[in-house]
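Engineer:
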Amino acid sequence: MQERLSFHEEIKKNKIKSAILMSIIIAILIVLGYVVAMFFDPSFFFIIMIFSIIISITYTIISYYNADKIALASVNAKPASTTQHRQLISSVENMALASGLPKPRIYVMQSPQINAFASGRNPQNAVICVTEGAIEKLSRQELEGVIAHEMSHIANYDIRFMTFTAIAIGMISIIAELFLRSLWFSGGNRESKDGRAQLILIVIGVSQQMQQALN
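In terms of our numbering, the sequence shown opens at residue 17 and continues consecutively.
#1: From PHE62 to ASN172, what distance separates their C-alpha atoms?
#2: What residue from VAL124, LEU117 and HIS169 has the CA that sits closest to GLN140's CA?
#3: Pick out the complete alpha helix (DSSP H) segments inside the segment 112 to 173, 4 residues or longer, and give them in chain order.
#4: May I have the straight-line CA-CA distance separating PHE67 from MET38, to the nearest angstrom?
#5: If we ignore side chains and look at the alpha-carbon of each, how far apart do ALA35 and ARG176 end up?
#6: Can you grab the Cα-Cα spacing for the pair ASP174 / GLU158, in whole Å?
#7: Between which two residues does the alpha helix (DSSP H) harbouring ALA87 extend?
#8: Would you say the segment 105 to 116 touches the segment 71 to 78, given that touching needs at least three Cβ pairs under 8 Å?
#9: Is VAL162 near ALA114, with beta carbons less than 7 Å apart?
#10: Let me check understanding here. Comparing Cα to Cα, which of CYS145, ILE122, LYS119 and HIS169 lies closest to GLN129?
#11: Going by DSSP, what residues sit across from LYS94 in a beta bridge?
#12: With a Cβ-Cβ cutoff of 7 Å, do ILE105 and ALA96 count as a contact?
#13: Indicate the three-state DSSP secondary structure (helix, strand or coil) for GLN103 in the structure shown.
#14: State yes or no: is the C-beta of GLN126 within less than 7 Å of the C-beta of GLU160?
#15: Near ILE69, what residues of its chain come up, given a Cβ to Cβ distance below 7 Å and the 5 sequence neighbours on each side ignored?
#16: At the level of alpha carbons, what is the spacing between ARG137 and MET167?
#17: Quick one: Cα of SER83 to Cα of HIS165, how far?
#18: Hey, SER135 and VAL124: beta-carbon distance below 7 Å or not?
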């Protein structure tokens, strides 16, 4: 039976996994930049490589510091109202006090489903988003249980690792789409295009396996 990690060991593990995944994200973009440079226009190899490095670092930094905003915007979440969502706000404040964590920003998502998620890069910059369905259908005790679960993700830095995972998945999807479209409109014979497409898909496939291995 696998021994359960302590709280501090779990935090350390998630920080290490986040650092590894961030390195993988940057490495993927650089490798794909190399593939593009070699197969599409080798004469501009160094320019494309430098551009790829700049883009990879910029993409990672922007996504990292705006992960909470991106997550909230994707579900059209709104800040919790002090008049409409007093029980939710009180429950989050109680759970934050009990856990010794800073109170996260509180958002509400318009959905009849019972759901909630936490996002952010660390406990000092965290948000908790709860659906209207959870607020309306759960008792105060049940709602506090849901919030306590999300607070645990904040406390042990799960949110940072989940942020990098989301960045990796989004990046891979965008790159796959752009590269395959560029192949379609680029010159060259069909065999050459097929070879490029296969290589790009192999790189993307390997990166996905590496990301999944860290989960």
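Glycine included, every Cβ here is placed at the ideal spot set by N, Cα and C.
Structural biologist: On the basis of the coordinates in this document:
#1: On the sequence shown, position 46 is the one that residue 62 refers to. On the sequence shown, position 156 is the one that residue 172 refers to. When the Cα atoms are used, PHE62 and ASN172 turn out to be separated by approximately 41 Å.
#2: By one-based count along the sequence shown, residue 140 stands at place 124. Ranking the options by Cα distance to GLN140, first place goes to LEU117.
#3: Annotation note: the segment 112 to 173 contains the following uninterrupted alpha helix (DSSP H) runs of length 4 or greater, listed N- to C-terminal: 148 to 153 and 156 to 171.
#4: Translated into positions along the sequence shown, residue 67 becomes position 51. Translated into positions along the sequence shown, residue 38 becomes position 22. In this structure, the alpha-carbon of PHE67 lies about 18 Å from that of MET38.
#5: Position 19 of the sequence shown holds residue 35. Position 160 of the sequence shown holds residue 176. Rounded to the nearest angstrom, the two C-alpha atoms are 10 Å apart.
#6: The residue you call residue 174 lines up with position 158 of the sequence shown. The residue you call residue 158 lines up with position 142 of the sequence shown. CA-CA distance, ASP174 to GLU158, rounds to 22 Å.
#7: Residue numbering aside, residue 87 sits at position 71 when the sequence shown is read from its first letter. For ALA87, the uninterrupted alpha helix (DSSP H) run begins and ends at 83 to 90, by DSSP.
#8: Contact between the segment 105 to 116 and the segment 71 to 78 is absent: fewer than 3 CB-CB pairs across the two stretches fall below 8 Å.
#9: By one-based count along the sequence shown, residue 162 stands at place 146. By one-based count along the sequence shown, residue 114 stands at place 98. No Cβ-Cβ contact shorter than 7 Å links VAL162 with ALA114.
#10: In the sequence shown, the residue the question calls residue 129 occupies position 113. Nearest option by C-alpha distance: CYS145.
#11: Along the sequence shown, read from residue 1 onward, the residue named residue 94 stands at position 78. Assignment of beta-bridge partners to LYS94 by DSSP yields VAL124.
#12: For the purposes of this step, residue 105 is identified with residue 89 of the sequence shown, where counting begins at 1. For the purposes of this step, residue 96 is identified with residue 80 of the sequence shown, where counting begins at 1. Result yes, Cβ atoms of ILE105 and ALA96 sit closer than 7 Å.
#13: Taking the first residue of the sequence shown as position 1, residue 103 is located at position 87. GLN103: helix per DSSP, three-state reduction.
#14: Reading the sequence shown from its first residue, position 110 is the one you call residue 126. Reading the sequence shown from its first residue, position 144 is the one you call residue 160. Contact: no.
#15: In the sequence shown, the residue the question calls residue 69 occupies position 53. Residues of the same chain with a CB within less than 7 Å of the CB of ILE69, apart from the 5 flanking positions on each side, are ILE46 in chain order.
#16: For the purposes of this step, residue 137 is identified with residue 121 of the sequence shown, where counting begins at 1. For the purposes of this step, residue 167 is identified with residue 151 of the sequence shown, where counting begins at 1. Those two C-alpha atoms are separated by around 13 Å.
#17: The residue labelled residue 83 in the question sits at position 67 within the sequence shown. The residue labelled residue 165 in the question sits at position 149 within the sequence shown. A small correction: the amino acid at residue 83 is Ala; Ser does not occupy that position in the sequence shown. Here the alpha carbons of HIS165 and ALA83 stand approximately 20 Å from one another.
#18: Along the sequence shown, one-based indexing puts residue 135 at 119. Along the sequence shown, one-based indexing puts residue 124 at 108. Against a cut-off of 7 Å, the Cβ pair of VAL124 and SER135 comes out as no contact.
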